[in-house]
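A.B. asks: Could you have a look at this structure, given as structure tokens, before my questions?
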Amino acid sequence: MKPNPHTVKDELLSALPKKSARKRAEQIVVNERRPDGSVPEIKANVRTTPGAITQRGCTYAGCKGVVIGPTRDILSITHGPIGCGFYSWLTRRNQTRPEGPEDANYIPYCLSTDMQDEQIVFGGEKKLRAAIEEAYELFHPKAIAIFSTCPVGLIGDDVHAVARDMKEKLGINVFGFSCEGYKGVSQSAGHHIANNQLFKHVVGTNETPRPEKFKINLLGEYNIGGDAFVIEDLFERCGITLVSTFSGNSTYDAFANSHMADLNAVMCHRSINYVAEMMEKKFGIPWIKVNFVGAEGTAKSLRHIAQYFNDAELSERVEKVISDEMTDVLKTQFAVRARCEGKTAMLFVGGSRAHHYQTLFAEMGMKTVAAGYEFGHRDDYEGRRVLPTVKVDADSRNIEELHVTPDDTRYLPRRGPDELVQLEAAGLDVAGYQGMMPEMEEGALVIDDLYHFEMERLLDIYKPDIFCAGVKEKYAVQKAGIPCKQLHSYDYGGPYAGFRGAINFYNEIDRMVNTRIWQYVQAPWETEEELEVEEIAS
Amino acid sequence: MLLRHTTADVMERSALTINPAKTCQPIGALYAALGVHNCLPHSHGSQGCCAYHRSTLTRHYKEPVMAGSSSFTEGSAVFGGQANLLQAITNMFAMYNPDIIAVHTTCLSETIGDDLVQIISKAREEGKVPPGKHVIHANTPSYIGSHVTGFSNMVKGIVTYLAENSGRKRNQVNIIPGWVEPSDMREVRRLSRAMGVNCNIFPDTSDVMDAPQTGRHEFYPRGGAPIEEIRHSGDSRSTLALGPTASEAAALKLEEKCEVRSEVLELPIGLVATDRFINALRHRSGIRVPGFITDERGRLVDMIADMHQYFYRKRVALFGDPDQLVSLTEFLVTLDMRPVYIVTGTPGKRFETRIREALGDSVPEAQIRQGPQADMFLLHQMIKKEGVDLLIGNTYGKYIARDEDIPFVRFGFPILDRVGHSYFPTVAYMGAMRLAEKILSAVMDRQDRNAPEESFELTM
Numbered sequence: 020m021k022p023n024p025h026t027v028k029d030e031l032l033s034a035l036p037k038k039s040a041r042k043r044a045e046q047i048v049v050n051e052r053r054p055d056g057s058v059p060e061i062k063a064n065v066r067t068t069p070g071a072i073t074q075r076g077c078t079y080a081g082c083k084g085v086v087i088g089p090t091r092d093i094l095s096i097t098h099g100p101i102g103c104g105f106y107s108w109l110t111r112r113n114q115t116r117p118e119g120p121e122d123a124n125y126i127p128y129c130l131s132t133d134m135q136d137e138q139i140v141f142g143g144e145k146k147l148r149a150a151i152e153e154a155y156e157l158f159h160p161k162a163i164a165i166f167s168t169c170p171v172g173l174i175g176d177d178v179h180a181v182a183r184d185m186k187e188k189l190g191i192n193v194f195g196f197s198c199e200g201y202k203g204v205s206q207s208a209g210h211h212i213a214n215n216q217l218f219k220h221v222v223g224t225n226e227t228p229r230p231e232k233f234k235i236n237l238l239g240e241y242n243i244g245g246d247a248f249v250i251e252d253l254f255e256r257c258g259i260t261l262v263s264t265f266s267g268n269s270t271y272d273a274f275a276n277s278h279m280a281d282l283n284a285v286m287c288h289r290s291i292n293y294v295a296e297m298m299e300k301k302f303g304i305p306w307i308k309v310n311f312v313g314a315e316g317t318a319k320s321l322r323h324i325a326q327y328f329n330d331a332e333l334s335e336r337v338e339k340v341i342s343d344e345m346t347d348v349l350k351t352q353f354a355v356r357a358r359c360e361g362k363t364a365m366l367f368v369g370g371s372r373a374h375h376y377q378t379l380f381a382e383m384g385m386k387t388v389a390a391g392y393e394f395g396h397r398d399d400y401e402g403r404r405v406l407p408t409v410k411v412d413a414d415s416r417n418i419e420e421l422h423v424t425p426d427d428t429r430y431l432p433r434r435g436p437d438e439l440v441q442l443e444a445a446g447l448d449v450a451g452y453q454g455m456m457p458e459m460e461e462g463a464l465v466i467d468d469l470y471h472f473e474m475e476r477l478l479d480i481y482k483p484d485i486f487c488a489g490v491k492e493k494y495a496v497q498k499a500g501i502p503c504k505q506l507h508s509y510d511y512g513g514p515y516a517g518f519r520g521a522i523n524f525y526n527e528i529d530r531m532v533n534t535r536i537w538q539y540v541q542a543p544w545e546t547e548e549e550l551e552v553e554e555i556a557s
Numbered sequence: 004m005l006l007r008h009t010t011a012d013v014m015e016r017s018a019l020t021i022n023p024a025k026t027c028q029p030i031g032a033l034y035a036a037l038g039v040h041n042c043l044p045h046s047h048g049s050q051g052c053c054a055y056h057r058s059t060l061t062r063h064y065k066e067p068v069m070a071g072s073s074s075f076t077e078g079s080a081v082f083g084g085q086a087n088l089l090q091a092i093t094n095m096f097a098m099y100n101p102d103i104i105a106v107h108t109t110c111l112s113e114t115i116g117d118d119l120v121q122i123i124s125k126a127r128e129e130g131k132v133p134p135g136k137h138v139i140h141a142n143t144p145s146y147i148g149s150h151v152t153g154f155s156n157m158v159k160g161i162v163t164y165l166a167e168n169s170g171r172k173r174n175q176v177n178i179i180p181g182w183v184e185p186s187d188m189r190e191v192r193r194l195s196r197a198m199g200v201n202c203n204i205f206p207d208t209s210d211v212m213d214a215p216q217t218g219r220h221e222f223y224p225r226g227g228a229p230i231e232e233i234r235h236s237g238d239s240r241s242t243l244a245l246g247p248t249a250s251e252a253a254a255l256k257l258e259e260k261c262e263v264r265s266e267v268l269e270l271p272i273g274l275v276a277t278d279r280f281i282n283a284l285r286h287r288s289g290i291r292v293p294g295f296i297t298d299e300r301g302r303l304v305d306m307i308a309d310m311h312q313y314f315y316r317k318r319v320a321l322f323g324d325p326d327q328l329v330s331l332t333e334f335l336v337t338l339d340m341r342p343v344y345i346v347t348g349t350p351g352k353r354f355e356t357r358i359r360e361a362l363g364d365s366v367p368e369a370q371i372r373q374g375p376q377a378d379m380f381l382l383h384q385m386i387k388k389e390g391v392d393l394l395i396g397n398t399y400g401k402y403i404a405r406d407e408d409i410p411f412v413r414f415g416f417p418i419l420d421r422v423g424h425s426y427f428p429t430v431a432y433m434g435a436m437r438l439a440e441k442i443l444s445a446v447m448d449r450q451d452r453n454a455p456e457e458s459f460e461l462t463m
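Protein sequences appear in the order of chains A and B.
Sequential numbering of the first sequence, starting at 20, is according to my numbering.
Sequential numbering of the second sequence, starting at 4, is according to my numbering.
Quick look at the structure:
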């Protein structure tokens, strides 16, 4: 029998003390789609109640780990005790491919000031300066990024002053991030801080002109498991020039030159929309939301890019690529549907993935019965239409909001107001994102910042065929006899983006929901009522 | 090349650590707390600490790792984390019903100066701790020591809060197994029992971090040292602490608090260290060593003797944690291998002396590096200067091994890319056989790979 989501919601809230339960209730919503396209309000981007056992990480993780980390030639130095640098060392699977054997690739390196009690007492700036100089001597990078961990803010080290001095002294770009872990309520604050500093210190610092015709940046694609490689290949075959990717298989120079693009295509809205907005304001580059997860989404995204450039040849090439790829996609879809159709999935992950991956499941005939983000905001759930009504609380107010104005000399609207109206009329949602909930089924549960307690109840009540989350949840789910797909690390597989990625994903999910191992969980003798002693013939 | 910027020339560094051979205290405290039955570890700091520690331990064990966080925000960083911890205690008892919450601090709460003793007593006064339940803590500032220090501090914290001397001695021996794998703890228990020692082992992560698949997720798995037994550790006849860096502090605390005499041994990794362990057990129970243990030892010696040519004089680089490195060094010497580079990021006074003792006069060229800037970058540089035949260490070693094309044996923490460590011990004689087998496989696979066709051997 189908569980009643309203009853389930009550049950999820039952264990919490009253006051916490009241607050929590606003983060658990039963989806419904109203005639005007709106969905119920959900509370998001708010504090996790202490002790809840959350999926969330911290601001440092969002800043260093997510946004800046994947760029191979920015030398990252963590300023703090050793742990933060250690845990963010190579653990996010951001693949990168330096052009030649001599080109810089710092991703396999973990650099830290390894702060000791002496620095906690007397300050850590001196050690930070020395560390930057040593790093420069050893690596001679183009740019050095400094990441603040929790104690840095407390003891009052001014990483930005150190960065300024070092920039002058070394003659390379050095910039700092005030991304102490306690800021904000999740990784999300770190994304914002990373976006701000990239925009302030890197974007627009390289004026090399780009002569190509169809120039775009891909924003919010981190090349986990090689996703960006798949998308790069698609662009190349379509004749679309990728100026930069923020940030997967990315380089410092490409960031610096990114204002030469004519369109920003945004994958992960949550982590990078700030850069898109700021580039629009400063340079006049419009942005559109794309989704290269799922074959349908990939086709649609390529078509939207072509539509933006309004060029018949480009559209023709795009259609050719799509039709070339779709043959294999449909073949695999057909094969896996026979085994996966009608099965159910739950997705609790990230700030975009819980949305994007629903489309892949839908393509396999699988249904998403519950989903939520780890660090999403209301606009990621309900769409950007709610932005004017989002309340900015104290935790968000602490994160700097850059005031951006059109650049005196470089602001050049890529599309005039009339053209934008035309594009909108033709169905291109410029600077828009509809969010996850309008695309989810009626009656599906939407839960923000899922607590472990709730996860266990959901598994018990719904018994989904697959659960998607991160590594901290994976083995708890699997102990319950339900396969769990990690959608941060892809379980060390992938790529899952683009058409080829979709095929990989179909096959992977088919493998997981149909594996025979779950049949063997019970030992044969555990189901026997009574033991019959057999006479063994002598 | 993966580590393409690493050169053979060593530049003196005073401030920068590159590719650390250690991590921070709280993760060790979390792991130690998992070795107590029905215990929910708790990280008093920002959410990221807890997320990172749980993720790393989960990747190492492929098991659920449950722990709470005080979820500090900017407000808590300014005003202190008391309100967060009090709320966390209420929420955790309500949602997860542990018997005990083991709180460890972080660099954040330590820098703020949160007084855990005071906050916990406030929680008690306000009735936030249900009757019969416990909240304990350990101070684990990330800017002192390493993950091993954190483990040691939590084990000491467990003793401080729970051990009691009732005045009635129990005929039992405490064994503090050190930071080893669940498989190792299980092996220590097996051998102690076989040696007639009524052992009280804590912490004990067996049946916690290697729980079987049953189709049900047990939030608190069957294993872990029961609180009652830890309480009785104050009545034990003596304590055997394995691995001074990880276990000595708790043993000394037991001496001081409950007057339980203690002896500290090196981890029983390798032939000779295991001999000492078995001897120590023998002296406690007074029984003869059962034949099957002597047989296990004999099989190990036999295996080494049979395969000695593949070990002999091979140069080995190793990195990891002090207790493991000391015993491993001794074992490598037993095998007539040459541990030439030994690196740990964990500080501590006696490390070099212990390593020198383990080496004896056998490898005069051995270079030992410890503490600040004793990292894997330096180790790699040493290897580039003069190569080795084998690298032993945690998963991060695979980058060096691939670049330098060196056979690699995974040993230590964390191991993120292979399984086995949680299931098969490396302690005691059987564990030494497993280590020797791993070393042989690595070295002999290399010989097979490199051999010219005419000298490719069928039998080795």
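Note that CB positions come from ideal geometry on N, CA and C, so glycine has one too.
Source: prediction; values computed, not measured.
Of all the CB atoms in chain B, is at least one closer than 9 Å to the CB of residue 471 (chain A)?
C.D. replies: It does; some Cβ of chain B falls within 9 Å.
A.B. asks: Tell me which same chain residues have a C-beta within less than 7 Å of the C-beta of residue 313 (chain B), skipping the five on either side of it?
C.D. replies: Counting only Cβ-Cβ distances below 7 Å, and skipping sequence neighbours, we find 443, 446 and 447.
A.B. asks: Give a yes or no on whether the minimum CB-CB distance between residue 125 (chain B) and chain A is below 9 Å.
C.D. replies: By this cut-off, residue 125 (chain B) is not an interface position.
A.B. asks: With 8 Å as the C-beta to C-beta threshold (strictly closer), list the residues of the stretch 368 to 394 of chain A near chain B in chain order.
C.D. replies: Within the stretch 368 to 394 of chain A, no residue has a Cβ that lies closer than 8 Å to any Cβ of chain B.
A.B. asks: For residue 370 (chain B), write down the residues that DSSP places opposite it in a beta bridge.
C.D. replies: Partner(s): B:344.
A.B. asks: Tell me the rounded alpha-carbon separation between residue 265 (chain B) and residue 207 (chain B).
C.D. replies: Between residue 265 (chain B) and residue 207 (chain B), the C-alpha separation is close to 19 Å.
A.B. asks: Taking the continuous beta strand (DSSP E) assigned at residue 173 (chain B), which residues delimit it?
C.D. replies: Residue 173 (chain B) -> beta strand (DSSP E) spans 173 to 179.
A.B. asks: Considering only residues of the same chain and omitting the five flanking positions on each side of residue 540 (chain A), which have a CB-CB separation below 7 Å?
C.D. replies: Hits under 7 Å: 500.
A.B. asks: Would you kindly check if the distance between the Cβ of residue 172 (chain B) and the Cβ of residue 240 (chain B) is under 9 Å?
C.D. replies: Contact flag set, yes.
A.B. asks: Output, in sequence order along the chain, the residues in the stretch 143 to 165 of chain A whose CB is closer than 7 Å to any CB in chain B.
C.D. replies: Against chain B - using a Cβ distance shorter than 7 Å - the residues of the stretch 143 to 165 of chain A are 146, 149, 150, 153, 154, 156, 157 and 158.
A.B. asks: From the beta carbon of residue 461 (chain B), is the nearest beta carbon of chain A less than 9 Å away?
C.D. replies: Taking Cβ atoms only, chain A never reaches closer than 9 Å to residue 461 (chain B), which makes this a no.
A.B. asks: Select from A:304, A:306 and A:286 the residue whose C-alpha is nearest the C-alpha of residue 312 (chain A).
C.D. replies: Of the listed residues, the one whose Cα sits closest to residue 312 (chain A) is A:286.
A.B. asks: List the residues of chain A whose Cβ lies closer than 7 Å to the Cβ of residue 42 (chain B), in chain order.
C.D. replies: Ordered by position in chain A, no residue passes the 7 Å Cβ test against residue 42 (chain B), which lies about 14 Å from the chain.
A.B. asks: Give me the chain A residues within the contact set of residue 49 (chain B), using Cβ-Cβ distance strictly less than 7 Å, ordered along the chain.
C.D. replies: The contacting residues are 77, 169, 200 and 201.
A.B. asks: Can you tell me which of the three DSSP states residue 231 (chain A) falls into?
C.D. replies: Note: residue 231 (chain A) maps to coil in three-state DSSP.
A.B. asks: So, for residue 89 (chain B): in the same chain, excluding its five sequence neighbours on each side, which residues have a beta-carbon less than 8 Å away from its beta-carbon?
C.D. replies: Correct list, in chain order: 122, 125, 126, 129 and 131.
A.B. asks: Can you tell me whether DSSP reads residue 365 (chain A) as helix, strand or coil?
C.D. replies: Correct three-state label for residue 365 (chain A): strand.
A.B. asks: Quick check on DSSP: helix, strand or coil for residue 499 (chain A)?
C.D. replies: Residue state, collapsed to three classes: coil.
A.B. asks: Rounded to whole angstroms, what's the CA-CA distance from residue 154 (chain B) to residue 34 (chain B)? Just pull it up for me.
C.D. replies: C-alpha separation (whole angstroms): 7 Å.
A.B. asks: Mind reading off the beta-carbon distance from residue 50 (chain B) to residue 303 (chain A)? Whole number of angstroms is fine, and I expect it under 8 Å.
C.D. replies: Between residue 303 (chain A) and residue 50 (chain B) the Cβ distance is about 38 Å, and since that is not below 8 Å, they are no contact.
A.B. asks: Taking the alpha carbon of residue 254 (chain B) as the point to measure from, which residue in B:295, B:203, B:277 and B:291 has its own alpha carbon closest?
C.D. replies: Closest option to residue 254 (chain B), Cα to Cα, is B:203.
A.B. asks: With a Cβ-Cβ cutoff of 9 Å, do residue 4 (chain B) and residue 120 (chain A) count as a contact?
C.D. replies: Yes, the Cβ-Cβ distance between residue 4 (chain B) and residue 120 (chain A) is below 9 Å.
A.B. asks: Does the structure place the stretch 187 to 196 of chain A close enough to the stretch 233 to 249 of chain A that three or more beta carbon pairs sit under 8 Å?
C.D. replies: Too few Cβ pairs lie closer than 8 Å, so no.
A.B. asks: From this set, A:514, A:258 and A:82, which residue's C-alpha is nearest residue 322 (chain A)'s C-alpha?
C.D. replies: Measuring from the Cα of residue 322 (chain A), the nearest candidate turns out to be A:258.
A.B. asks: Using 9 Å as the threshold, is the C-beta distance between residue 64 (chain B) and residue 212 (chain B) below it?
C.D. replies: Yes.
A.B. asks: For residue 47 (chain B) versus residue 107 (chain B), is the C-beta spacing smaller than 9 Å?
C.D. replies: Contact flag set, yes.
A.B. asks: Measuring only between beta-carbons, confirm whether residue 380 (chain B) sits less than 9 Å from chain A.
C.D. replies: So yes, residue 380 (chain B) belongs to the interface.
A.B. asks: Going straight from the alpha carbon of residue 221 (chain A) to that of residue 202 (chain A), what length do you get?
C.D. replies: Computed Cα separation, rounded: 23 Å.
A.B. asks: Please report how far the alpha carbon of residue 367 (chain B) lies from the alpha carbon of residue 361 (chain B), in whole angstroms.
C.D. replies: Between residue 367 (chain B) and residue 361 (chain B), the C-alpha separation is close to 12 Å.
A.B. asks: Near residue 6 (chain B), what residues of its chain come up, given a Cβ to Cβ distance below 7 Å and the 5 sequence neighbours on each side ignored?
C.D. replies: Excluding sequence neighbours, residue 6 (chain B) sits near 383, 402, 403 and 406.
A.B. asks: If we count the other Cβ atoms within 10 Å of its Cβ and call it buried at 16 or more, is residue 459 (chain A) buried or exposed?
C.D. replies: Looking at its Cβ environment, which holds 16 or more other Cβ atoms inside 10 Å, residue 459 (chain A) is buried.
A.B. asks: Using only alpha-carbon positions, find the residue among A:159, A:96, A:294 and A:507 that is nearest to residue 420 (chain A).
C.D. replies: Selected option, being the one with the closest Cα: A:294.
A.B. asks: Taking 9 Å as the cut-off, decide whether the C-beta atoms of residue 29 (chain B) and residue 143 (chain B) are in contact.
C.D. replies: It is a contact, given that the beta carbons lie within the stated cut-off.
A.B. asks: So residue 107 (chain A) packs on residue 81 (chain A), CB below 8 Å; how close in whole Å?
C.D. replies: Rounded, the Cβ-Cβ distance is 11 Å, inconsistent with contact.
A.B. asks: I'd like to know whether the C-beta of residue 348 (chain B) is nearer than 9 Å to at least one C-beta of chain A.
C.D. replies: So, interface residue.
A.B. asks: Three or more C-beta pairs under 8 Å: does that hold for the stretch 79 to 94 of chain B against the stretch 91 to 105 of chain A?
C.D. replies: No contact exists between the stretch 79 to 94 of chain B and the stretch 91 to 105 of chain A.
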